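Visitor: Chains R and F, in that order, are what the protein sequence lines are. Quick note: the first sequence uses our numbering, first residue 264, plus one each step. Quick note: the second sequence uses our numbering, first residue 709, plus one each step.
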Amino acid sequence: MKTIKLLTFVLLSIGFIACSNDDNDVTPVLLPVNSEAVSNLHAPQNGGQGQPVSGTFTKFNFATGQETTSDTEWDIAFRGTTIIINGGTSLGTTDEPDRTGNGAVYITDGSMSTVTEVITENLVQDSSSSYAIATGSGNGWYTYAGPPSHLINPTPGKIIVIRTHDGKYAKVEILSYYKDAPANPDAFVDESRYFTFNYVYQPNDNVTTF
Amino acid sequence: MSLIKDKSYFFLLLFVTGISLAQKQEMKQDSVQVEMLEDVLITATRTKRQLSSLPLPATIVSKKDLKTINAVRLSDILNEQSGLITVPDFGGGEGIQMQGLDAAYTLILVDGVPLIGRSAGTLDLDRITVGNIKQIEIIKGASSSLYGNEALGGVINIITDTPKYGINGSIQQRTASFETYDTRADIGYKNDKFSISGFINRYSSGGFDLNENTITNTVEPFENYTLSAKATYDFSEKTNIVLSGRFFTQSQDNIASEILQGESTIDEWNLHTKLDHTFNEKWESSMEFYATNYKATEFLNDNSNNTRFSDAFFDQIMIRPELRTVYKASEKASFIGGIGYTYETLDRTFFSESPEFKAPYVYAQYDGNPLKKLNVIIGARFDNHNVYQSQFSPKLALRYEITPKLAVKGSAGYGFKAPDFRQLYFNFTNATVGYTVLGYDAVPEAIAQLEAEGQIANQIVPVSVFSEELKPESSLAINAGFDYKPTQKISIGINVFKNLIDDLIDTRIIANKTNGQNVFSYTNINEVYTQGLEFSSTWKITKNIKFSAGYQLLFAKDKTAEEAFENGEVFARENPSSPSFQLESSDYFGLFNRSRHMANGKLFYKIPKWNSNANIRTVYRSKYGIADSNGNGYLDKYDDFVNGYSIWDIAFNKTIYDKYTFGLGVDNLFNFTDPQNISNIAGRIIYGNLTIQF
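#1: When you compare the CB positions of F/T839 and F/R882, do they come within less than 8 Å of one another, or not?
#2: Distance check for F/L1178 and R/F458, CA to CA, integer angstroms please.
#3: Compute every distance between the C-beta of F/Y933 and the non-hydrogen atoms of the ligand GTP, then say whether any falls below 7 Å.
#4: Run through chain F and tell me which residues come within less than 8 Å of R/D372, C-beta to C-beta.
#5: Closest by CA to R/L386, which one among R/T406, R/N365 and R/S455?
#6: Using Cβ-Cβ distances below 7 Å, what residues of the stretch 1334–1354 of chain F are close to chain R?
#7: Under 9 Å Cβ-Cβ, which residues of chain R neighbour F/N1226?
#8: Tell me which same chain residues have a C-beta within less than 7 Å of the C-beta of F/Y1133, skipping the five on either side of it?
#9: Along the alpha helix (DSSP H) that carries F/L1132, what are the first and last residues, could you check?
#10: Is it buried or exposed, R/F325, if we count other Cβ atoms within 10 angstroms and call 16 or more buried?
#11: Who are the neighbours of R/S439 on chain F, taking C-beta pairs under 8 Å?
#12: Under a CB-based cut-off of 8 Å, is F/F1273 close to chain R?
#13: Specify the secondary structure class of F/I1358 as computed by DSSP and reduced to three states.
#14: Closer than 8 Å, CB to CB, is F/N1427 near chain R or not?
#15: Of all Cβ atoms in chain R, is any one closer than 8 Å to the Cβ of F/F1297?
#16: For F/T981, does the three-state DSSP call read helix, strand or coil?
#17: Kindly list the residues whose CB is nearer than 8 Å to the CB of F/E928, restricted to its own chain and excluding five residues on each side of it in sequence; keep chain order.
#18: Taking R/S390 as the query, report the chain F residues whose CB atoms sit under 7 Å from its CB, ordered along the chain.
#19: I want to see whether chain F comes within less than 8 Å of R/T290, judged by CB atoms only; does it?
#20: With distances taken Cα to Cα, identify the nearest neighbour of F/R1016 among F/L968, F/T1246 and F/Q1290.
#21: Rank F/K1103, F/Q1073, F/Y1071 and F/T1111 by C-alpha distance to the C-alpha of F/K1081 and give the top, closest one.
#22: Identify the contact partners of R/E436 in chain F, using a Cβ-Cβ distance below 9 Å as the criterion.
#23: Check R/T383 in the structure and name its three-state DSSP category.
#24: Have a look at the DSSP bridge pairing and note the partners of F/E971.
#25: Count the other CB atoms within 10 Å of the CB of F/Y1365; is the residue buried (16 or more) or exposed (fewer)?
#26: Please tell me whether F/N919 and F/P1383 are closer than 8 Å, where the distance is taken between their beta carbons.
#27: Between the stretch 1108–1122 of chain F and the stretch 1173–1193 of chain F, do three or more beta carbon pairs fall short of 8 Å?
#28: Check for me: the beta strand (DSSP E) holding R/Q329 runs from which residue to which?
#29: Name the two residues that bound the continuous alpha helix (DSSP H) containing F/T1268.
#30: Taking CB distances under 8 Å as the criterion, tell me whether R/F416 reaches chain F.
#31: Could you please tell me which residues of the stretch 1163–1183 of chain F, in chain order, have their CB closer than 8 Å to any CB of chain R?
#32: What did DSSP end up calling F/Q737 once you bin it into helix, strand or coil?
#33: Could you compute how far the alpha carbon of F/L1031 sits from the alpha carbon of F/S994?
#34: Counting beta carbon pairs with one atom in the stretch 1297–1313 of chain F and one in the stretch 393–409 of chain R, are three or more of them shorter than 8 Å?
#35: Relative to the C-alpha of F/E996, which residue among F/F1007, F/K982 and F/E1006 is closest?
#36: Who are the Cβ neighbours of R/D372 in its own chain at under 8 Å, not counting the five residues just before and after it?
Structural data, given as structure tokens:
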């Protein structure tokens, strides 16, 4: 069984890499599109579970592939399970940053290899009444298992498609909410609020494919 | 725990044997006839009916069967029937899964009238002692044409005992592992006109704990009592009356944590009276009145500051008068018709109101042999209701005897389950987590209130949707099979079934709350089917040795889920931290808690010279899923499964001086447990019984 799983994984990876190479060959004049991985992006929060939530959002910039503290040059930001986009209006929670860019986002069903195009009409921005990436188990990117495991795991097949603050596109698959992305996380042992995700950033202007 | 469905085939075998013998006029008629007399059930037609010629998949479990395996509660015996399995409910209760349908879809009757008290949909079978039972009748397949609501998967009818002539009675004491004690006594008197009987049972257990790391036990200690009494009086040969009553009371520790502790109680009573009158050879009528009340309470005290932490109650009443008439047109044809009225109320914590259900109904059924070898049952029932849509439930069943050794049978019937009170009127907000669950009818008012309080962030399902009635869940059940008896020693039954369930009621998110949680309510969404094959066989190896085996193959699936897999909308991960990939149709396993394979085998051995009997029984179920562990919303082959298992039981009984019977046995011989996944299997149970008959 393990071998089959491994094999499937390897096959999928090969398929995926092969696709990227094709893209590179066909569009030589454009900047390369790379598949990147981010590990352990720490997104702490205060409060929650009925108490008011506060704490600084951890911001991320796809162009640099780095965490940032800039007030303007960020694309998405994390606090606990909440993910916001740099576009639209603030919901107004404590410590929530103002939106300065033109970012937008939607979540679609698929895998990183099957989601190859941005459907721009699906893009939404944060608003004063709700976030573009819905909160709550099963609504957005994660599923809360409830008792007894109390695990929060990314829902399989949810790809986050993003327009960055400056109008580029990216797709993201969140892999883990726990530190070091353990294969079998334990909510009572592993530290949570550590995001591990894969993303593909399209650095070229007005290109809506990956 | 164990065994039974196959006994019916044993009787079937004996009965068929009897017929063939009688026809050939060459066999001696010893005990066969006695058995034949018992081979009669009333659930299928509401009149006495021979099991052997019935066109429906049915089973009788006799008192003798119950004694042989030393059953104590109803769950013990049902769990050993082919195709039936007891499934734990949260809170420690056990319900029955029949033909892959959930516990909420099997109607449980006592002497033809329903038990109530399904606080979360399941009727806890551990509530019912088997001490005063004459036989248990099991009809598989939708039976709403006679019984209306809840008879969607099938009907289990518990027939209570009536005394023999003179004064007689018995006392039994049983002691078993987990500090479990069962004491019962019954006494009865009968003369030509009058009979009266009383029964008392005390059942208690120290509970058990599968996980030592927690303060709570898997099942907390409990104690319950059942008292019942029954009287019959024959005014004349043509008129008689039956009056019976039952009372059940239970108390159990309720432990939530070290500081939150309390008690839960159940008090239940039933009162049932029936007046039968035979007008002439062709006409007879019964007038029946039934009332029952089920009351459960639960509280928790906060021991840190000596205050009441929580209080909950559930108080349901049902009253049902019914009038039935039987018309025997000829030897070959009889008709039964009935008219009745069900009145139900429920008072419960977290309810938006104290609702009332009023449901008049009428039914009729024909049972006859238009051809000598062809038996036909045609019936239908109409249920009106003040809250949900009226239901019309027809049924057709046929049995054709190809040869005396082989008969084919088939039936198609409609079943329904009305939305229960909870699905309509619940209004509950979890105090610690903050989500809200609303009954369908409670939605408009409750949403308006939440909105006024500024708690709704986003309305997903418009409130206007809820102005349409919530529909009952309904099913079409088709059964087809044959009974084959190649020799007098072997009998085989095969039945293929399909249940198509429409308008399954499920929860969905209707709004997001500003606290990030959701508001849930009920809706008719899913279409589900269960299909498979049942096999039962009995082989009388010698006069004193009998072997029986049963098997069920089951596919239970949600059609919406199948579509989602077909459309490539379902994804999974190898482990929680690896990338997603698309699943294929073949990766869909089906509904939760359904095993593809279930089987049982039983060997009975009689030792007449020692006045003893012994048996060894096993039940097996293959792997099944209890949760969507990979978070894609479906049970697929990448989810974690509960491993398949088998349970072995042995029992030995010996009677001395005709009056004293000792029983010894071990249930779950190999001490199987799965603490993570199976909360109703405690481990090995060693027991001893002493019964004194007088």
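Using N, Cα and C, we set each Cβ at its ideal position, and we do this for glycine too. Quick caveat: nothing in here was measured; it's all calculated off a predicted structure.
Guide: Let's see:
#1: One point to set straight first is that residue 839 of chain F is Gly, not Thr, in the sequence displayed. The Cβ atoms of F/G839 and F/R882 do not sit closer than 8 Å to each other.
#2: If you take the alpha carbons of R/F458 and F/L1178, they lie about 42 Å apart.
#3: Summarising the ligand content, the structure contains no ligands, and the ligand GTP is consequently not present.
#4: Within 8 Å Cβ-Cβ: E1277 and F1279.
#5: Nearest of R/T406, R/N365 and R/S455 to R/L386, Cα basis: R/N365.
#6: Sequence-ordered contacts of the stretch 1334–1354 of chain F with chain R read N1338, G1339 and N1340 [C-beta pairs closer than 7 Å].
#7: Per Cβ cutoff of 9 Å: G399, S400, G401 and N402.
#8: Result list for F/Y1133: F1059, S1060, E1061, P1063, G1147, D1149 and A1150, in chain order.
#9: According to the DSSP assignment, F/L1132 belongs to the alpha helix (DSSP H) that extends over F1129 to Y1133.
#10: R/F325 is buried by the Cβ-count criterion.
#11: Correct list: P1284 and S1285.
#12: Answer no: the Cβ-Cβ gap between F/F1273 and chain R never drops below 8 Å.
#13: The DSSP-derived three-state label of F/I1358 is strand.
#14: No information on residue 1427 of chain F is available, as it lies outside the stretch 709 to 1402 that chain F covers here.
#15: No, F/F1297 does not count as interfacial toward chain R.
#16: In the structure shown, F/T981 sits in a strand (DSSP, three-state: E or B).
#17: Excluding residues within five positions, the ones whose Cβ falls inside 8 Å are G800, G915, Q960, D961, N962 and I963.
#18: Close partners of R/S390 in chain F (Cβ separation under 7 Å) are lacking, with about 10 Å as the shortest Cβ gap.
#19: Because R/T290 carries a pLDDT of 47, less than 50, the predicted location of this residue cannot be relied on, and no value is offered for it.
#20: Closest by alpha carbon: F/L968.
#21: The shortest C-alpha separation from F/K1081 is found at F/T1111.
#22: Close to R/E436, with beta-carbon spacing below 9 Å, are these residues of chain F in chain order: P1287 and S1288.
#23: Reduced to three states, the DSSP call for R/T383 is helix.
#24: The beta-bridge partner set that DSSP reports for F/E971 consists of F/D961 and F/F1007.
#25: Only exposed fits F/Y1365, as fewer than 16 other CB atoms lie within 10 angstroms of its CB.
#26: F/P1383 is positioned such that its CB atom lies closer than 8 Å to that of F/N919.
#27: The answer is yes - the stretch 1173–1193 of chain F touches the stretch 1108–1122 of chain F, with three or more Cβ pairs under 8 Å.
#28: From DSSP, the beta strand (DSSP E) with R/Q329 extends over Q329 to T331.
#29: Run containing F/T1268: K1267 to E1274, per the alpha helix (DSSP H) assignment.
#30: The identity of residue 416 of chain R in the sequence shown is Asn, whereas the question assumes Phe. For R/N416, the answer is yes, since a Cβ of chain F falls inside 8 Å of its Cβ.
#31: Within the stretch 1163–1183 of chain F, the residues whose Cβ lies closer than 8 Å to some Cβ of chain R are A1165 and N1166, listed in chain order.
#32: Reliability fails at F/Q737, whose pLDDT of 41 lies under 50, so the model's placement of it is uncertain and no value is given.
#33: One C-alpha to the other measures close to 6 Å.
#34: Look at the beta carbons and you see the stretch 393–409 of chain R not touching the stretch 1297–1313 of chain F: under three pairs across the two are nearer than 8 Å.
#35: Looking at the Cα atoms, F/K982 is the closest of the given residues.
#36: Excluding residues within five positions, the ones whose Cβ falls inside 8 Å are G420, K421 and I422.
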